[in-house]
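Peer 1:
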Amino acid sequence: MTKETKVEVNPRRVLSSGNSMLYGHFIEQFHRQIYGGIFDPDSPLSDEQGFRQDVLDALKNIGTPIVRWPGGCFVSNYHWEDGVGKREPFFDKAWRVEEPNLFGTDEFVAFCRLIGAEPYICTNAGTGTAEEMSNWVEYCNLKEEGKYAKMRQENGLKEPFNVKYWSIGNENYGNWEIGAKDQKEWARLVLESAKMMKRVDPTIELLAASISDLDWNINLLKEAGDFLDWISIHGYWDRLHEVDNPSPYETCMIHTLEIEEQILKTKHILGSLGYLNKIKIAFDEWNLRGWHHPNVHRGDWMADDIITSRDRNDINSTYTMADAVFNACFLNTCLKHSDVIGMANFAPVINTRGAIFTHEDGLVLRSTYYVFELYTKCMGDKIVDTWTSQNDFFEVKHGGKTYHVPSLDVIATTREGSENVRIAIINRHPNEKRVINIKNNIQFENGTVYSIIGSSKDAYNDIDQLDNCKTVQHTVKVNAYEAAVEVEPHSVNVLVFE
Ligand code: AHR
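So this is what it looks like as structure tokens:
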């Protein structure tokens, strides 16, 4: 018999709101994300500016609210002036390749405008300086005052770009990053950079890298907290860089339980330092999988297998329903904590480990793409009170331990000006359906459930099989305040009541 769970929703009790930037993305000058990804002037699929039209359409379709660029580790050896006006290639010491510099600030901002996304620029806090960062703000945001605004105008761009979101550096706490810093150095650099950047444009919002470590944050916030609007955290969960095969579906489900810890640690640190309502958290790089390079975390950048490892990221068969279910759980977790998390950026959105895979004749939309499509089109931006009778777990044995993973993850939302409830229901269970009995304390007439399903938990999309993972839609029978919905195993669902 199919197990049943009760869910009760109170759409009039709003817990938090305004979280559309949680569906943001990240692109890096790395691998095939820019060249051969979004920007490919030689492709017949590209527009007159060199952007792949099919990629632009796919990103528009998932309502991409914000894009973080240009790195990642790349940015810690990137000098933005080389990427505007006359272009010179340089040897990128982060990824050990030649960077042609054909895609720079002007192209990034144009790309964001084309897909309707807010540009978010990450600055060089590795080999760069506070002055270089603030010059970049001048180039983007000043109308015509000074050398850099005039430089933009000479490049044919009369109006300022008004880039609102800027982060100081990337993962400068890690020894893999060019220009890594210790706690004191970091706090000082963030302070000096923030001061100069906000003197150029006081309306910008500033982010700086954080780890869930008390001392790191005490240093950072005591020194620079008054200049910061956000702190940035990153999360990658898989062990793909250590093994040759993707983790099994069940192990990925254990990782869904680990997302919340990092958020809570950061939230409590912000709270204990008195910054809870002033500084928000941006989860501005996240993905189930780490970049597939066996030596990344040994710091061995000279590995001979670097190219092979990069190409291994392109194996579509490793992007399965496990990724889709993990991603939906990540978004549900952020939505639940959207009182403190205001932004999240899937890393990256295209190629490498992204939701979209490009090839010369078109795209493969991986299972994760459909999660962004479902959430941006069907969910609301107000989290409302929900109660779930959660007593349904499955066991996973991993690394000598036994985990009890809840089968369901449920969150309900509404949209501004409407009490129609939109409920995300994730069934993590690898092979059993579930029935959800929903009670809403407002009457409704119609219900539709949109479900991302795959023929098996290991189903994936590829060039010759584009819809093994796809979204389907069903009508749900409703009875005034109540409805019952059946959800498939390893599925992501959004139920919309009207
Ligand atoms: O995506 C590859 C790298 O992963 C990014 O450059 C870095 O920020 C993260 O560690």
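Residue 26 in UniProt numbering sits at position 26 of the sequence shown, with consecutive numbering throughout.
Ideal Cβ placement from N, Cα and C applies to all residues, glycine included.
Should Phe-346 be listed as close to the ligand AHR, given that the test is whether its C-beta is under 7 Å from any heavy atom?
Peer 2: No, Cβ of Phe-346 sits at least 7 Å from all heavy atoms of the ligand AHR.
Peer 1: In three-state terms, what does DSSP make of Gly-174?
Peer 2: Looking at Gly-174 - three-state DSSP - the assignment turns out to be coil, as it is neither helix nor strand.
Peer 1: Roughly how many whole angstroms lie between the Cα atoms of Val-478 and Tyr-35?
Peer 2: Spanning the two alpha carbons is a distance of roughly 49 Å.
Peer 1: Span of the beta strand (DSSP E) holding Val-84?
Peer 2: Here Val-84 belongs to no beta strand (DSSP E), and DSSP marks it neither H nor E.
Peer 1: Write down every uninterrupted run of the beta strand (DSSP E) in the segment 364–422 whose length is 3 residues or greater and which is fully enclosed by it, in chain order.
Peer 2: DSSP runs (the beta strand (DSSP E)) wholly in the segment 364–422: 382–388, 393–398, 401–406 and 408–414.
Peer 1: Please report the straight-line C-alpha distance between Ser-456 and His-490, rounded to a whole angstrom.
Peer 2: Cα to Cα, Ser-456 sits roughly 8 Å from His-490.
Peer 1: Going by the C-beta, is Phe-74 closer than 7 Å to any heavy atom of the ligand AHR?
Peer 2: Yes, Cβ of Phe-74 sits closer than 7 Å to a heavy atom of the ligand AHR.
Peer 1: Between which two residues does the beta strand (DSSP E) carrying Asp-106 extend?
Peer 2: No beta strand (DSSP E) holds Asp-106; the alpha helix (DSSP H) holding it covers 105–115.
Peer 1: So what does DSSP say about Asp-226, is it helix, strand or coil?
Peer 2: Three-state DSSP puts Asp-226 in a helix.
Peer 1: Whole alpha helix (DSSP H) runs in the segment 254–279 with 4 or more residues, listed along the chain?
Peer 2: Within the segment 254–279, the complete alpha helix (DSSP H) runs of at least 4 residues are 259–272.
Peer 1: Taking the continuous beta strand (DSSP E) assigned at Ala-208, which residues delimit it?
Peer 2: Element bounds for Ala-208: 205–209.
Peer 1: Give me the residue from Trp-136, Trp-176 and Gly-146 with the minimum Cα distance to Phe-161.
Peer 2: The candidate whose alpha carbon is nearest that of Phe-161 is Trp-136.
Peer 1: Could you tell me how far apart the beta carbons of Val-405 and Leu-257 are, in whole angstroms, since I believe they sit closer than 8 Å?
Peer 2: Right, their Cβ atoms sit about 7 Å apart.
Peer 1: Per DSSP, which residues does His-474 bridge with? Please list them.
Peer 2: According to DSSP, which records beta bridges pairwise, His-474 is partnered with Val-449.
Peer 1: What is the rounded straight-line gap between the Cα of Leu-220 and the Cα of Lys-86?
Peer 2: If you take the alpha carbons of Leu-220 and Lys-86, they lie about 37 Å apart.
Peer 1: Nearest to Ala-347 by alpha carbon, out of Asp-106, Arg-289, His-474 and Gly-50?
Peer 2: Out of Asp-106, Arg-289, His-474 and Gly-50, Arg-289 has the C-alpha closest to the C-alpha of Ala-347.
Peer 1: From the DSSP output, which residues share a beta bridge with Trp-439?
Peer 2: In the sequence as displayed, the identity of residue 439 is Lys instead of Trp. Lys-439 is bridged to Glu-8 and Glu-482.
Peer 1: If you measure between the beta carbons of Ala-324 and Cys-469, is that distance less than 8 Å?
Peer 2: Going by C-beta atoms, Ala-324 is nearer than 8 Å to Cys-469.
Peer 1: Within a Cβ cutoff of 6 Å, which residues of the same chain sit near Ser-388, ignoring the five residues on either side of it in sequence?
Peer 2: Residue identity check: residue 388 is Thr in the sequence provided, not Ser. Contacts found: Val-7 and Val-410.
Peer 1: Between Phe-30 and the ligand AHR, is the CB less than 7 Å from at least one heavy atom?
Peer 2: Yes, the ligand AHR has a heavy atom inside 7 Å of this Cβ.
Peer 1: May I have the straight-line CA-CA distance separating Ser-167 from Ala-209, to the nearest angstrom?
Peer 2: Roughly 8 Å between the two C-alpha positions.
Peer 1: Between the alpha carbons of Val-349 and Gln-33, how many angstroms are there, rounded?
Peer 2: Going by the C-alpha atoms only, they are around 8 Å apart.
Peer 1: Which residues in the same chain have their Cβ closer than 7 Å to the Cβ of Glu-498, if we skip the five residues on either side of it in sequence?
Peer 2: Result list for Glu-498: Asn-420, Phe-444, Glu-445 and Asn-446, in chain order.
Peer 1: If distances are taken between C-alpha atoms only, which option among Asp-339, Thr-368, Pro-70 and Gly-399 comes closest to Ser-20?
Peer 2: Ser-20 has its Cα closest to that of Asp-339, out of Asp-339, Thr-368, Pro-70 and Gly-399.
Peer 1: Could you name the residues of the same chain whose beta carbon sits closer than 8 Å to that of Asp-304, not counting the 5 residues immediately before and after it, in chain order?
Peer 2: Residue placement at Asp-304 cannot be trusted, given a pLDDT of 48 that sits under 50; what the coordinates show is reported in the next sentence. Closer than 8 Å at the Cβ level, and outside the excluded window around Asp-304, lies no residue.
Peer 1: Do the segment 174–181 and the segment 146–165 meet, that is, are 3 or more Cβ pairs less than 8 Å apart?
Peer 2: The answer is no - the segment 146–165 does not touch the segment 174–181, with fewer than three Cβ pairs under 8 Å.
Peer 1: Beta-carbon within less than 7 Å of Gln-183's beta-carbon, same chain only, minus the 5 sequence neighbours each way: which residues are those?
Peer 2: Here the set comprises Asp-215, Trp-216 and Asn-219.
Peer 1: Quick one, are the C-beta atoms of Val-75 and Cys-112 less than 8 Å apart?
Peer 2: The answer is no: Cβ separation not under 8 Å.
Peer 1: If you draw a straight line from the alpha carbon of Gly-128 to that of Asn-427, how long is it in whole angstroms?
Peer 2: Cα to Cα, the separation comes out at about 46 Å.
Peer 1: How would you call Glu-145, buried or exposed, if buried means at least 16 neighbouring beta carbons within 10 angstroms?
Peer 2: Exposed, by the Cβ-count rule.
Peer 1: Using CA coordinates, which residue listed in Arg-13, Lys-158, Arg-422 and Arg-52 is at the minimum distance from residue 511?
Peer 2: Shown here, the chain extends from 1 to 498; a query on residue 511 therefore has no answer.
Peer 1: List the DSSP bridge partners of Val-97.
Peer 2: DSSP lists Asp-92 as partners of Val-97.
Peer 1: Where does Gln-183 fall in DSSP's three states?
Peer 2: Helix at Gln-183.
Peer 1: Mapping the DSSP letters down to three states, classify Asn-155 as helix, strand or coil.
Peer 2: Residue state, collapsed to three classes: coil.
Peer 1: Start and end of the alpha helix (DSSP H) containing Thr-318?
Peer 2: Taken as a continuous stretch (DSSP letters only), Thr-318 belongs to no alpha helix (DSSP H), as it is neither H nor E.
Peer 1: With hydrogens ignored, establish whether the beta-carbon of Glu-144 is closer than 7 Å to any heavy atom of the ligand AHR.
Peer 2: No.
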